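For reference, the structure is listed below as structure tokens.
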Amino acid sequence: MCINSADLIPSSTLNSAFRYIRPSKRHNLRISRLNRRRSSRSSKNERRKEKASLKAKLELKNLKLYRENQSMIQENEKLRKKALLLYQENQVLFSQLQKKSQLQPLI
Numbered sequence: 137m138c139i140n141s142a143d144l145i146p147s148s149t150l151n152s153a154f155r156y157i158r159p160s161k162r163h164n165l166r167i168s169r170l171n172r173r174r175s176s177r178s179s180k181n182e183r184r185k186e187k188a189s190l191k192a193k194l195e196l197k198n199l200k201l202y203r204e205n206q207s208m209i210q211e212n213e214k215l216r217k218k219a220l221l222l223y224q225e226n227q228v229l230f231s232q233l234q235k236k237s238q239l240q241p242l243i
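Encoded structure:
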């Protein structure tokens, strides 16, 4: 015959022992953990949305700056060509002036 622990303890003491056991506080811990997770999830979602919004704003700003930069580059090229033409014209005029000054006799 097998003796197990339930046979040794009278049932009345078993019932009274279970009556006075305090409920576990683990339930509250679980709830607080869940609440923390939920709040962190919602804050993570908010952070993700803010990050996406910021990313979109930065991309728009970047595109605007890129376009502005391209227009400045084009304007710079136009001015460079104009400066080259003026330089060449200046060289021609300077050479003509030198020729005239060489042709005129010194007084």
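First residue of the sequence shown: 137, per the working numbering; consecutive thereafter.
We put the CB at the ideal spot given by N, CA and C, even for glycine.
Remember, it's a predicted structure, so these values are computed and weren't measured experimentally.
Tell me which same chain residues have a C-beta within less than 8 Å of the C-beta of residue i, skipping the five on either side of it?
i      : result
Arg184 : none
Ser179 : none
Is residue i helix, strand or coil when you go by DSSP?
i      : result
Gln234 : helix
Gln206 : helix
Gln240 : coil
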